[in-house]
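This note's numbering puts the first residue of the sequence shown at 9, with every later residue one more than the last. I have placed the structure first, in the form of structure tokens, so that the comments after it can refer back to it.
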Amino acid sequence: MSARVLVVDDVLANVKLLEARLSAEYFDVVTANCGTQALEICERAECDIVLLDVMMPDIDGFEVCRRLKSNPKTHFIPVIMVTALDSPADRVRGLDAGADDFLTKPVSDVVMIARVRSLTRLKMMTDELRMRAITSLEIGVNAPEREAVADTGRGGRVLLVDDRPSSYERLAPVLATEHHVDVEPNPAEALFHAADGNYDLLIVSLGLENFDGLRLCSQARSLERTRSLPILAIADADNNARLLRGLEIGVNDYLLRPVDKNELLARARTQIRKRRYTDHLRDNVQNSIEMAITDPLTGLHNRRYMESHLATLAEQAAMRAKPLALMMLDIDYFKSINDNYGHDAGDEVLREFAVRVRKSIRGIDLACRYGGEEFAIILPDTTLRAAVTVDEHIRRSVMTKELIKRSTSENLGRITISLDVAAFRPGDTVASLYERADRCLYAAKRNGRNRVVCETDQEAELNQPKVA
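Have a look at this one:
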């Protein structure tokens, strides 16, 4: 889908000119002739990027940008200021207002289109994460929008790659006023340094003497550990062709020499702020995944995850002829605990039971709450005989210590559990393995509870001749 560009300018001729240039590159263009109208369009989420004039009669571009970037509903929309103002102070003012770039008229068509494409591409990479964050908010996971608005972009970790002492000795102290800065004068080592350093920003000089700075940028984009690391390129003023190529391969932003120190700081803050926002989005998605597969009461994985994981392990066991065991565990007379002591006591029993189970199994084993007072444990690389030993250990460890209700210090006594174990067989499916385990659990409860029944025991019982 083509990106939708909002062009904001109170001069109709300027609007028509930009609209024609963008339409020729197959962008969908919407227009606004004042700041108020632009804010309304962005609030309705009707654009992907904004080209914003500064000098307008109602609200100037600086204020429009500030409002967009301070609003959780619109702060993620990239803003490019396009203006006749050309002083370093004006650029810094725009960047400090939250602008993603600041282009001075007359603007080269090639540069403008490249910048629009670069920023819309980066935005679309985060749109899916942002939509998942909205979904997460609906199920109770905090969305990172307000934290992103409040982030100053300071206090980051910056790696500066520059092999000219005359350059990095001027740039590093400026960056160090707001960030922790490491200088890498050897470009050949820079990628390894970036991958291992947990950085928030990579600054690369494209004028390296014995190394291609663009190749370093390209390598950073291809390596998994640095793929999302923002890159700020620094180039000579006559290096437009290399800068455009840099934007194509994934450079996030650039500066032209001679570098204005305030602009350097402003652009660094912008990139670090964006990096943190994207990281927050990824963490948010991970948290929502954890919520989807975790039982909130016990902290164990839930049935959905257990069945998916068991299917994967069963497939591997079949392919590699490896043993695999499945245990089912049920807390005996759990209903009476709820009836006699209350459901909060029942919850405490479930939580404490989960703790004791965790302590009794290996790191590669997976304990899950299957439902109610029923639990399951998957044991990879475990024979039936070994699994029975583990079952018996869990049964004894659970019943050795009395349970105390924390809120009232009431003694709930000891709990017992019924357990079963079934082993994966050639030709098994998840359903057939679970069905055998479930039959064993039923046999354990039928035969008096507080015991372990494995499938060989249950099959022997079924095969006994019936007494006439």
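Glycine included, each C-beta is placed from N, C-alpha and C at the ideal position. Please read all numbers here as calculations on a predicted model, not as lab measurements.
Open item on the list: For residue 441 and residue 335, I'd like the C-alpha separation in whole angstroms.
Closed with: Within the sequence shown, residue 441 is the residue found at index 433, counting from 1. Within the sequence shown, residue 335 is the residue found at index 327, counting from 1. Near 10 Å, if we compare the C-alpha coordinates of residue 335 and residue 441.
Open item on the list: Whether or not the stretch 409-417 and the stretch 317-325 are in contact is what I'm after, with contact meaning three or more pairs of Cβ atoms, one per stretch, closer than 8 Å; do they touch?
Closed with: In short, these stretches do not touch, since the Cβ pair count stays below three.
Open item on the list: Quick check on this structure: which residue in 113, 121 and 269 has the alpha carbon closest to the alpha carbon of residue 177?
Closed with: On the sequence shown, position 169 is the one that residue 177 refers to. Looking at the Cα atoms, 269 is the closest of the given residues.
- [ ] Compare the Cα-Cα distances from residue 79 to each of 58, 279 and 51 and report the closest residue.
- [x] On the sequence shown, position 71 is the one that residue 79 refers to. Selected option, being the one with the closest Cα: 51.
- [ ] Look at the Cβ atom of residue 210, then the Cβ atom of residue 228, and state whether they are nearer than 9 Å.
- [x] As a position in the sequence shown, residue 210 is number 202, starting the count at 1. As a position in the sequence shown, residue 228 is number 220, starting the count at 1. Pairing residue 210 with residue 228 gives a Cβ-Cβ distance under 9 Å.
Open item on the list: From the DSSP secondary-structure annotation, give me the bridge partner or partners of residue 213.
Closed with: Here residue 213 refers to the residue found at position 205 when the sequence shown is read from its first residue. DSSP, once it has assigned bridges, lists 242 as partnering residue 213.
- [ ] Name the residue from 34, 461 and 282 whose alpha carbon lies nearest to the alpha carbon of residue 397.
- [x] Start at 1 with the first residue of the sequence shown, and residue 397 comes out as number 389. Nearest neighbour of residue 397 by Cα position, chosen from 34, 461 and 282, turns out to be 461.
TODO: Determine the direct distance from the alpha carbon of residue 127 to that of residue 358, and round the result to whole angstroms.
DONE: As a first step, residue 358 must be located in the sequence shown, where it is residue number 350. As a first step, residue 127 must be located in the sequence shown, where it is residue number 119. Cα to Cα, residue 358 sits roughly 50 Å from residue 127.
TODO: Inspect the CB distances between the stretch 94-106 and the stretch 256-275 and report whether three or more fall short of 8 Å.
DONE: yes
Open item on the list: Is it buried or exposed, residue 307, if we count other Cβ atoms within 10 angstroms and call 16 or more buried?
Closed with: Residue mapping note: residue 307 aligns to position 299 of the sequence shown, counting from 1. Under this definition residue 307 is an exposed residue.
TODO: Go ahead and pull the three-state DSSP assignment for residue 308.
DONE: Residue numbering aside, residue 308 sits at position 300 when the sequence shown is read from its first letter. In this structure, residue 308 counts as coil in the three-state DSSP scheme.
Open item on the list: Using 9 Å as the threshold, is the C-beta distance between residue 216 and residue 244 below it?
Closed with: Position 208 of the sequence shown holds residue 216. Position 236 of the sequence shown holds residue 244. No, they are not a contact pair.
TODO: Drop a sphere of 10 angstroms on the beta-carbon of residue 26, count the other beta-carbons inside from all chains shown, and report buried for 16 or more, exposed for fewer.
DONE: In the sequence shown, the residue the question calls residue 26 occupies position 18. It is buried - the Cβ of residue 26 has at least 16 other Cβ atoms within 10 Å.
Task: Among 22, 53, 35 and 32, nearest to residue 42 - alpha-carbon criterion - done: For this step, residue 42 is matched to residue 34 along the sequence shown. Cα-wise, what sits closest to residue 42 is 22.
Open item on the list: Quick check on this structure: which residue in 445, 457 and 385 has the alpha carbon closest to the alpha carbon of residue 407?
Closed with: On the sequence shown, position 399 is the one that residue 407 refers to. Comparing Cα positions, the closest option is 457.
Task: Close beta carbons around residue 20, own chain, < 8 Å, minus the five adjacent residues each side - done: Against the sequence shown, residue 20 aligns to sequence position 12. Once the five neighbours on either side are set aside, the close Cβ partners of residue 20 are 41.
Task: Proximity winner among 294, 14, 45 and 326, relative to residue 35 (alpha-carbon distances) - done: Within the sequence shown, residue 35 is the residue found at index 27, counting from 1. If we check each option's Cα against that of residue 35, 14 comes out closest.
TODO: Have a look at 383, 290, 74 and 12 and flag the residue whose alpha-carbon is nearest the alpha-carbon of residue 38.
DONE: Here residue 38 refers to the residue found at position 30 of the sequence shown. Comparing Cα positions, the closest option is 12.
- [ ] Check whether the Cβ atoms of residue 122 and residue 256 sit closer than 9 Å, and answer yes or no.
- [x] For the purposes of this step, residue 122 is taken as the residue at position 114 of the sequence shown. For the purposes of this step, residue 256 is taken as the residue at position 248 of the sequence shown. Yes. Within cutoff.
TODO: Would you list the one or two residues that DSSP bridges to residue 377?
DONE: Residue mapping note: residue 377 aligns to position 369 of the sequence shown, counting from 1. Looking at the DSSP assignment, residue 377 forms a beta bridge with 383.
Open item on the list: One question on the structure: do residue 165 and residue 201 come within less than 9 Å of each other, judged by their Cβ atoms?
Closed with: The count along the sequence shown starts at 1 and reaches residue 165 at position 157. The count along the sequence shown starts at 1 and reaches residue 201 at position 193. It is not a contact, given that the beta carbons lie outside the stated cut-off.
Task: Cross-strand partners of residue 478 (DSSP beta bridge) - done: There is simply no residue 478 to check, as the chain begins at 9 and stops at 476 in what is shown.
Task: Distance CB(residue 242)-CB(residue 214) smaller than 9 Å - done: In the sequence shown, residue 242 corresponds to position 234, counting from 1. In the sequence shown, residue 214 corresponds to position 206, counting from 1. Yes, Cβ-Cβ distance for residue 242 and residue 214 is below 9 Å.
Task: Beta-carbon proximity check, residue 392 vs residue 463, cutoff 9 Å - done: By 1-based counting over the sequence shown, the position of residue 392 is 384. By 1-based counting over the sequence shown, the position of residue 463 is 455. Cβ atoms of residue 392 and residue 463: closer than 9 Å.
Task: Pairwise C-alpha distance: residue 226 and residue 261 - done: In the sequence shown, the residue the question calls residue 261 occupies position 253. In the sequence shown, the residue the question calls residue 226 occupies position 218. In a straight line, the C-alpha of residue 261 is about 14 Å away from that of residue 226.
- [ ] For residue 170, I'd like the list of residues in its chain whose CB is within less than 6 Å of its CB, leaving aside the five on either flank, ordered along the chain.
- [x] Translated into the one-based positions of the sequence shown, residue 170 becomes position 162. Excluding residues up to 5 positions away in sequence, 176 and 213 lie with their Cβ nearer than 6 Å to the Cβ of residue 170 in the same chain.
Task: Pair within 9 Å by beta-carbon distance, residue 91 and residue 111 - done: The residue given as residue 91 occupies position 83 in the sequence shown. The residue given as residue 111 occupies position 103 in the sequence shown. Against a cut-off of 9 Å, the Cβ pair of residue 111 and residue 91 comes out as a contact.
- [ ] Enumerate in chain order the residues of its own chain whose CB-to-CB distance from residue 28 is below 6 Å, with the five nearest sequence positions on each side excluded.
- [x] Along the sequence shown, read from residue 1 onward, the residue named residue 28 stands at position 20. Around residue 28, the same chain offers no residue with a beta carbon nearer than 6 Å, after the five sequence neighbours per side are excluded.
TODO: Work out the CA separation of residue 69 and residue 119 for me, nearest whole Å.
DONE: Stepping through the sequence shown from its first residue, residue 119 is reached at position 111. Stepping through the sequence shown from its first residue, residue 69 is reached at position 61. Straight-line spacing of the CA atoms in residue 119 and residue 69 works out to 21 Å.
- [ ] Evaluate contact between the stretch 344-353 and the stretch 285-305, counting only Cβ atoms and requiring at least three cross-stretch pairs below 8 Å.
- [x] no
Task: Beta bridge counterpart(s) of residue 388 as assigned by DSSP - done: The sequence position of residue 388 within the sequence shown is 380, counting from 1. According to DSSP, residue 388 bridges with 332.
TODO: Answer yes or no: do residue 390 and residue 434 have a C-beta to C-beta separation smaller than 9 Å?
DONE: The residue given as residue 390 occupies position 382 in the sequence shown. The residue given as residue 434 occupies position 426 in the sequence shown. Contact: no.
- [ ] Compute the beta-carbon to beta-carbon distance between residue 310 and residue 377, rounded to the nearest angstrom, for a pair I have assumed lies under 8 Å.
- [x] Along the sequence shown, read from residue 1 onward, the residue named residue 310 stands at position 302. Along the sequence shown, read from residue 1 onward, the residue named residue 377 stands at position 369. Their Cβ separation, rounded to whole angstroms, is 6 Å, which keeps residue 310 and residue 377 in contact under 8 Å.
Task: Inter-residue spacing [alpha-carbon to alpha-carbon] between residue 469 and residue 448 - done: For this step, residue 469 is matched to residue 461 along the sequence shown. For this step, residue 448 is matched to residue 440 along the sequence shown. With a pLDDT of 44 at residue 469, under the threshold of 50, the predicted position of this residue should be treated as unreliable, though the coordinate-derived value follows. Cα-Cα distance, rounded: 11 Å.
Task: residue 413: CB within 8 Å of a non-hydrogen atom of the ligand NAD - done: As presented, the structure is devoid of all ligands, the ligand NAD included, so that no description of it is given.
- [ ] Return helix, strand or coil for residue 110, following the three-state DSSP convention.
- [x] Residue numbering aside, residue 110 sits at position 102 when the sequence shown is read from its first letter. Here residue 110 sits in strand by DSSP.
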